[in-house]
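Residue numbers (this note's numbering), protein chains in the order written: chain A, 4 to 411; chain B, 4 to 411; chain C, 4 to 411; chain D, 4 to 411. Contents: one structure, followed by commentary.
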C-alpha cells in the first residue's frame with residue numbers, strides 16, 4: 004500500500020539542502036474528506052556503502068502537532084526548514100508538521116479540542132505500537148549477529164510489525180492507530196526522534212530517556228524529566244522502548260551493549276515548547292536554534308555554528324514529577340512562577356469561591372467556607388506548568404511540579 | 004413564586020455596610036441537580052418617602068460570568084464587596100457573581116464552553132426580554148403622568164412582563180430564558196446596571212449607550228464603544244432600550260424628557276474586563292476601584308475617595324467597531340498590540356500555512372501558496388481584541404478593531 | 004473567482020440523463036485542509052430561445068446535510084440520481100449532498116454536533132443572505148418591465164448581491180456565510196428549491212410557504228407547516244422571501260402578480276425526512292419517489308410515472324406549531340406517537356426524577372417531589388417530533404406539536 | 004470524613020421493606036456547585052451473629068448511569084425499588100442511580116457526552132482502584148486464617164485502601180477517582196455487584212466473570228460475555244479481581260478455595276440494558292424482573308416469585324468479542340440484526356459515499372470509488388451492538404460481534 008502522493012519540488016538555490024515534499028493520506032471523514040499530512044524529506048546524497056552504515060550520521064525524524072492545540076511545533080518546523088536550507092546535512096531528515104489533522108482541526112468553542120479522539124476520549128499520544136513479546140525471540144535468534152546486523156534486522160522487524168498492522172487486517176484499526184502507525188513507520192527509520200508538543204500554560208521542558216541524560220544539555224530547555232523504560236503508548240517511548248528492552252534482553256543473555264551507543268544509538272525526546280494555542284514565530288526561531296544545537300552535536304549537520312545556550316538546567320525523575328489535583332472546585336488565580344523553586348508553605352495558587360462569600364465572619368471560623376483559599380504544599384517544589392483555565396472542578400489537575408530535582 | 008431561599012447573615016463590624024446573601028434557584032439539570040446563583044444585596048436603611056424617590060441615589064445592579072469563560076468579573080465582585088464594606092452606601096445594591104451556572108461549569112477539554120447553550124447554540128447574552136409593542140400604549144396612557152409616576156409605573160410594567168414570562172405559561176421557557184429573566188427581574192429594579200464580561204484575548208473596553216457618553220470617563224477603561232438604541236437581546240440593551248424607546252415615544256407625542264436624567268436616569272454598561280479564562284485578584288482590585296469611581300460620581304457612595312485614573316480614553320461608534328474574519332485557514336501569530344493605532348499596511352497578524360511550505364520558490368510566484376501570509380488592512384485601525392486560539396478556519400473572527408475613533 | 008474544479012464524466016447508458024459532477028471549494032481549516040462539496044448537475048440539452056423561457060420547465064436545486072447530523076438527505080439524493088437516470092428531464096437540475104462539510108464531520112462523542120458552528124454557536128441554517136432594502140428600488144425601476152424581464156433582472160440582482168458578498172470584501176465573511184452564500188448562488192438560479200433536513204426524533208414533515216399550499220399534497224409527507232413571508236436566515240426563506248416581497252411591493256405600487264405563478268413561479272421547501280443520525284437507503288428510495296412526484300407535477304420530468312401516495316395530509320400554520328419546553332430537569336420516557344391527535348390531559352411524556360424517590364409517601368403529598376411526572380397539555384395537539392435524548396434540563400425543548408391543524 | 008447527609012424517611016406501608024435515602028457528596032464544580040448522588044439503602048433487620056455471617060444471604064450493590072448517556076439503569080432502579088417494597092429481603096441492599104453527576108449532566112449538542120471526563124478524555128469506568136501488590140502479603144499473613152476471617156479481613160483491607168486514597172493525600176485525586184472511589188467503597192461492602200450500563204445502539208448483554216457462568220442464566224439477557232481475571236479499571240473488575248487474585252494466590256500457596264463460593268462468593272456483572280439515550284419505564288420493569296430473578300436465586304429475597312424467562316442464551320469469551328472498525332469514512336446504513344447469526348459474506352452494513360457518485364460507470368471498474376460499499380466478514384458472527392450515529396470516520400467502531408459463541 005502506497006499512501007504517498009509525492010510532489011517533488013527541487014530547490015534552485017546556490018546552497019545545497021533540498022527537501023522534498025510529499026502528502027501522506029492518513030484517514031477519511033464521514034463526508035469522504037481525505038485527511039492528509041505534509042511530509043518534508045531530505046535524503047542524504049552520499050549513499051553510504053553498507054560498511055559505512057555504522058559511521059553514518061544518525062537519521063532524524065521530527066513531528067509536530069499530534070495534539071491539536073499544541074501548534075508551536077509547526078512554527079518550529081518552519082524555522083528549522085528555513086535554517087536547514089543553509090546547513091550541510093549529513094543524514095536523512097524527515098519533518099512532519101500537522102501530524103494529526105483530526106485533532107488539529109477540531110474546535111469546540113474557540114479552542115482546539117485536541118488531546119484526545121473526540122469520539123472515544125483516547126489520548127492521541129497513547130496509540131503507538133509496541134509488542135514486547137517479539138524482543139526475547141529476536142535476541143535469541145540474533146544472539147551472535149553483528150551489531151550492524153542487529154541494528155538493521157531489528158529495525159526491519161519493527162517496520163514489519165507496523166506494516167502488518169496497517170495492512171488492513173480483517174477487524175480494522177481505530178482512527179488514531181491509523182494515524183499513529185503511519186507516523187511511527189517514519190520514526191522507526193530514524194535514529195533520533197523529536198516529538199514536538201506543548202504544555203497547557205507551561206515552561207519549556209523536555210522528556211528524555213534516562214540513558215540519554217548527556218544529550219539534554221544540548222537543547223535550550225531549562226527543565227528535563229528523565230523517564231524509565233516503560234511503554235505507555237507515546238511516540239517517544241514507542242521509539243526507544245523496543246531498543247532499550249532489546250539491549251536489556253541481550254544483557255540478560257550475556258551480551259553487553261551500551262544503550263544510546265553504536266547499534267543502540269537511538270534517542271527520542273518529547274519536546275514541550277511552552278504553552279498551547281499559541282504561535283510565535285520569533286520564539287520558534289529560538290526553539291529551532293536549540294534543536295540545531297542538538298543535531299549538530301550528533302553530527303547530523305556539520306560545522307560548529309550551533310551551540311547550546313548557557314543556562315541552569317534542572318533535571319527530575321519521572322517518579323518525582325508530580326501533578327497536584329485541585330482539592331476544591333473554584334476559580335484559580337495561579338501565583339507560582341515556572342522554573343523558580345517555591346518554598347514549602349508558599350501558595351501555588353489562590354482559589355476564589357464567591358459562593359462562600361459571607362457577610363458574617365463568624366460563620367466560617369474554621370475557614371472551610373471562606374471565599375479565598377491558598378493552595379500550598381508542605382515541601383519545596385519547582386512549578387513547571389499549570390492548567391489552561393481559571394475554572395476548575397474538584398480534582399482538576401492544577402499544577403505539575405518537580406518535587407525533587409537537581410542541576411544537570 | 005418565590006425562588007429565593009434567604010440566608011441572612013448580619014455583619015458585626017464597626018462600619019455599617021451590611022450585605023445579605025441569598026441563593027436564587029434558576030434551573031435544574033437532568034439528574035435533578037439544582038442550578039443556583041448567589042445574590043448579595045445591600046438595602047439602604049433610610050427608606051425614602053415617595054416624595055424623596057426622585058432625589059434618591061440610584062439603585063445598582065452588577066452581575067458577572069453570564070458567559071462561562073468570562074470569570075474575572077467574579078473576582079471584581081469579590082473586591083467590590085471587600086471595598087464596599089467600608090463605604091457609606093446611599094442606595095440599594097445587588098451583586099450577582101456566577102450569574103449563569105450552566106455556562107460556568109461547562110467544560111469541553113480544558114476550556115470552558117460558555118458563550119452559548121451547548122444544546123442549542125444560542126448565545127447566553129441574547130436571551131433577555133424586550134417587547135417593544137408595550138411602549139406606545141404606555142406613553143399614550145401616561146401622557147400627562149408625573150415624571151415620578153412614569154418612572155414607577157413603567158418599571159412596574161417591565162417587571163410585570165418578566166413575571167408573566169416566568170409565571171409558568173403553558174409552553175414553558177428555554178433554559179437560558181429562565182436564567183436571563185430572573186437576572187433581568189433584578190436589573191429592572193435598578194437604575195444603573197453593569198454586566199461584567201471579558202473579551203477572548205482582549206484589552207479592557209466598555210459598551211456604553213450613546214446618551215451616557217459622559218459617564219464613560221469615570222471608568223478606568225481606555226476604550227469605549229457607543230451603542231445605539233437597538234435591541235439584540237443583551238442585558239445592557241434590555242435595560243436601557245425600553246427607557247430610551249419610551250423617551251423617544253414621548254418626544255414623538257410632544258413631551259420632552261432628557262434620556263439619562265430624572266425619571267430616565269437609567270444607565271447600563273457591558274464592562275469587558277480583559278481576557279477570558281483568567282482570574283487575577285490584583286487586577287480585579289484595580290477594576291473594582293474604577294467601578295467605585297463611577298458609582299461615587301453617581302452618588303451611590305458618598306465621599307470623594309474614588310476618582311477616575313488619568314488616561315487617554317478613546318471612543319468609537321458601534322458601526323465603526325469592525326470584526327475582521329480570517330481570509331484563510333491557518334495558524335496565527337497575532338502581532339498587533341491592543342490600544343495602539345496600527346498604520347494602514349502594517350500587519351495585524353501573520354498566518355502560517357506549513358502545508359504550503361515549498362522548496363521551489365518558483366512554484367508560488369504569486370504568493371498565494373506561500374507558507375507565511377501577512378494580514379493587513381488598507382486603513383489605520385486600533386486593535387481591541389483578538390481570537391483566543393492560534394488555530395483558525397477560513398472565516399474565523401481574527402481581530403476586532405476600532406475603524407474610526409476619537410478621544411473622549 | 005472560480006471556485007469550481009469540474010470533473011466531467013459522461014454516462015454511457017442507453018438512456019439520456021447525464022449528470023456532471025464538480026467539486027466546489029467552500030473553505031479551509033486550520034491545517035490548510037480544503038473544505039469541498041460535490042455538485043451534481045444536469046443541464047437541459049434544448050437551450051431555449053429567450054422567448055421560450057417563460058414556458059420552460061422550472062429549474063431545480065436540491066441540497067442535503069446543511070446540519071451535520073441530518074444525513075438522510077444524502078441518501079435521498081443518491082436515490083434521486085439513480086431514478087433520474089431513467090427520466091426524461093425538461094430543465095436544469097442541481098443536486099448537492101454534504102452541503103456543509105464542517106458540520107458533517109464534526110463529532111463530539113459518538114454524535115455529530117452539526118446544528119451550529121462549534122466556534123460561534125450560530126445555526127448553520129440562519130446564515131443565508133437577504134437584503135430587503137433592494138426590493139422597493141428594483142420595483143420602482145422596473146415598474147413597467149415585462150414579466151420575463153422582471154424575472155431575469157431580479158434574479159440577476161440577487162446573484163449580484165451574493166457575488167458582491169463573496170467577492171472578498173475587506174472585512175471578510177464568517178465560515179458559515181462563505182458556505183451558505185455559495186449554496187445560495189446555486190439556489191438563486193433555480194425556480195424550485197428543496198432543502199433536505201431531518202428533525203431530531205421526528206415524523207416526516209414539510210415547511211411550505213403559504214402561497215404554495217397546493218404543492219404540499221404532491222409530496223408523500225403527512226404534515227405540513229405553512230410559513231409566512233418572514234426572513235429568519237434559512238435557505239427556504241432566502242429563496243422565496245425576495246420574490247414574495249417583490250410581488251407585494253408591486254401590488255402596493257398597483258401592479259398585480261400572483262405569487263407562485265409565471266415570473267413569480269418560485270417555490271421553496273424545507274423537507275424534514277424523519278430522524279437525524281440515521282441512513283436508511285430503502286426509506287430514501289420512498290422519499291425520492293415523493294420528490295419525483297412533486298417534480299413531475301411541475302413538469303421537471305415528463306410522463307406520469309410518479310404520483311403522490313394516498314394519505315391524510317395535515318397542515319398547520321407556523322404560529323400554531325408549538326415547542327414545549329421541559330418544566331423540569333429529568334429523564335424522559337417519550338410517550339406520545341407522532342401524527343396521532345393526542346387528547347387534552349393525555350401525557351406526552353413521563354419524566355423520571357429518581358433523586359425524588361422517597362420511601363415515605365407522605366413527604367410529597369403535593370406531588371411536587373414525586374419520582375414520576377406526567378407532562379400533559381390542556382388542549383388536543385398533534386405531536387410531530389421530540390428531543391433526541393432522554394436526558395433533559397429544565398427548559399430543554401421536549402416536543403414540537405401542531406396546536407391547531409386541518410386536513411389538506 | 005463523613006460525606007453523607009442522611010435524610011431518613013420511614014415508609015408507612017403494610018409491608019416491610021423500608022429503604023433509607025441519603026445524599027452522597029462526590030465533588031464540586033467551578034462555581035462551587037456540589038455534585039451529589041442519591042443512595043437508597045435497605046438494612047437487614049436481623050443483625051446476624053458473627054457465627055451466622057457465613058450463611059447470611061449476600062449483600063447487594065447496584066449502581067446506574069456511570070456513563071452519562073446510559074440512563075436506562077436509573078429507570079430499572081426505580082422499578083426495583085417499587086418491586087422490592089413488596090419483597091422479603093434477606094440482606095443489605097444499596098441502590099445508586101445517577102452515580103456520576105458530571106457525566107449525567109454534560110451535554111454537547113442534544114446528546115449527553117458521558118463516556119469520558121470532558122477535560123481529560125479518561126473513560127469514567129476505568130478509574131476504579133485495585134493494587135495487586137497487596138494480595139501476596141495478605142495471603143502469606145492469613146495463610147491459616149479461617150474462611151470467615153479471610154473474608155472479613157480482606158474486605159477490610161480493600162476498604163482501608165479506598166479510605167486511604169480518599170483521605171486527602173497531599174497530591175489529591177482526579178475528579179473521576181473521587182467519584183469512583185466513593186462508589187467502590189459501597190461496592191466493596193457487598194457480595195453481589197451489578198453495574199447498570201447500556202451499549203450505544205445495542206442488544207441486551209451481560210459481562211460476567213468466567214467463574215460465575217452458572218449465574219448468567221438467571222438474568223433475562225440473551226448474550227453473555229465471559230471475562231477473565233484482568234483488571235482494566237472497570238467497576239465489575241475492581242470488585243471481583245481482588246478476590247479472584249486472592250483465591251489464585253492461595254492456590255499457589257497450596258490452599259484451595261472455590262471462586263464464587265463461601266468466603267469467595269463474590270459476583271460482579273456489568274449489565275448492558277440495550278441502547279443509550281433512552282428511558283423506557285415498561286422495559287425497565289422487565290429488566291427489574293430479570294434482576295430479581297437473579298437476586299432470588301442468590302437468596303437475597305425469599306420466596307419463588309421470580310424465575311428467569313425461557314430463552315436461548317448465548318455466551319462468548321471476551322477474546323472472541325470483536326470490534327469491527329470502519330475501513331472507510333462514510334454514512335452507514337446498519338443492516339445486521341442483533342442476536343441473529345450473520346452468515347459469512349452477508350453485509351453487516353452498507354456505507355454510502357455520495358462524493359464518489361459517478362456518472363461514468365467505467366471510472367471505477369474496481370469498485371474502490373463506488374458510492375455504496377457492503378461491509379462483510381469472511382466468517383459467521385453474531386452482531387451485538389453498533390455505533391450510535393450513521394456518520395463514521397475511517398476507523399470508527401462500527402459493530403461489536405460475537406466471533407465464536409455457544410449456547411449456555
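The beta-carbon is built from N, C-alpha and C at its ideal position, and this holds for glycine as well. Nothing here was measured: the structure is a model prediction, and the numbers come from that model.
Would you call the CB atoms of residue i and residue j closer than 8 Å?
{"i": "residue 178 (chain A)", "j": "residue 397 (chain D)", "result": "yes"}
{"i": "residue 395 (chain D)", "j": "residue 329 (chain D)", "result": "yes"}
{"i": "residue 189 (chain A)", "j": "residue 99 (chain A)", "result": "yes"}
{"i": "residue 35 (chain A)", "j": "residue 332 (chain D)", "result": "yes"}
Quick one: what's got a C-beta closer than 7 Å to residue i's C-beta in the same chain, skipping five residues either side?
{"i": "residue 256 (chain A)", "result": "142, 146"}
{"i": "residue 392 (chain A)", "result": "none"}
{"i": "residue 102 (chain A)", "result": "40, 66, 67, 68, 69, 186"}
Could you check how far apart the C-beta atoms of residue i and residue j are, in whole angstroms? I think they sit under 8 Å.
{"i": "residue 293 (chain A)", "j": "residue 230 (chain A)", "result": "In fact, because the Cβ distance is near 20 Å, the residues do not count as touching under 8 Å."}
{"i": "residue 70 (chain C)", "j": "residue 127 (chain C)", "result": "6 Å"}
{"i": "residue 138 (chain A)", "j": "residue 206 (chain A)", "result": "Contact doesn't hold; Cβ gap of about 36 Å is too wide."}
{"i": "residue 129 (chain C)", "j": "residue 235 (chain C)", "result": "7 Å"}
For residue i, which residues from the same chain have a beta carbon less than 8 Å from its beta carbon, with the 5 sequence-adjacent residues on both sides left out?
{"i": "residue 38 (chain A)", "result": "28, 29, 30, 31, 32, 104, 105, 182"}
{"i": "residue 347 (chain A)", "result": "379, 380, 381, 382, 383"}
{"i": "residue 79 (chain C)", "result": "67, 199, 276, 287, 290, 291, 294"}
Which same chain residues, not among the five before or five after residue i, have their C-beta less than 6 Å away from its C-beta?
{"i": "residue 297 (chain A)", "result": "221, 222"}
{"i": "residue 365 (chain C)", "result": "With a pLDDT of 49 at residue 365 (chain C), under the threshold of 50, the modelled position of that residue is not reliable, and the figure given next carries that caveat. If we look at residue 365 (chain C) and ignore the five residues flanking it on each side, it has no Cβ neighbours."}
{"i": "residue 65 (chain B)", "result": "98, 197"}
{"i": "residue 238 (chain A)", "result": "131, 198"}
{"i": "residue 356 (chain D)", "result": "333, 374"}
{"i": "residue 408 (chain C)", "result": "317, 319, 385"}
At least 3 beta-carbon pairs within less than 8 Å: the stretch 374-389 of chain C vs the stretch 341-352 of chain C
yes
Within 9 Å of chain B by C-beta, residues of the stretch 167-190 of chain C in sequence order:
171, 173, 174, 175, 176, 177, 178, 179, 180, 181, 182
By the 7 Å beta-carbon criterion, what residues does the stretch 79-113 of chain A contribute toward chain C?
For the stretch 79-113 of chain A, which is checked against every Cβ of chain C, the residues closer than 7 Å are 101, 104, 107, 108, 110, 111, 112, 113.
Does the contact criterion of 3 or more C-beta pairs under 8 Å hold for the stretch 259-276 of chain D versus the stretch 148-155 of chain D?
yes
Can you list, in chain order, the residues of the stretch 389-410 of chain D whose Cβ is nearer than 8 Å to any Cβ on chain C?
390, 391, 392, 393, 394, 396
Flag this pair as touching only if the stretch 80-94 of chain D and the stretch 116-127 of chain D have three or more C-beta atom pairs under 8 Å; answer yes or no.
no
Listed from N- to C-terminal order along the chain, which residues in the stretch 134-165 of chain B have their beta-carbon within a distance smaller than 8 Å of any beta-carbon of chain A?
none
Give the residues from the stretch 281-315 of chain A that approach chain C closer than 7 Å (Cβ to any Cβ), ordered along the chain.
The residues in question: there are none.
Give me the subset of the stretch 317-331 of chain C whose CB atoms are less than 9 Å from a CB atom of chain B, sorted by chain position.
325, 326, 327, 328, 329, 330, 331
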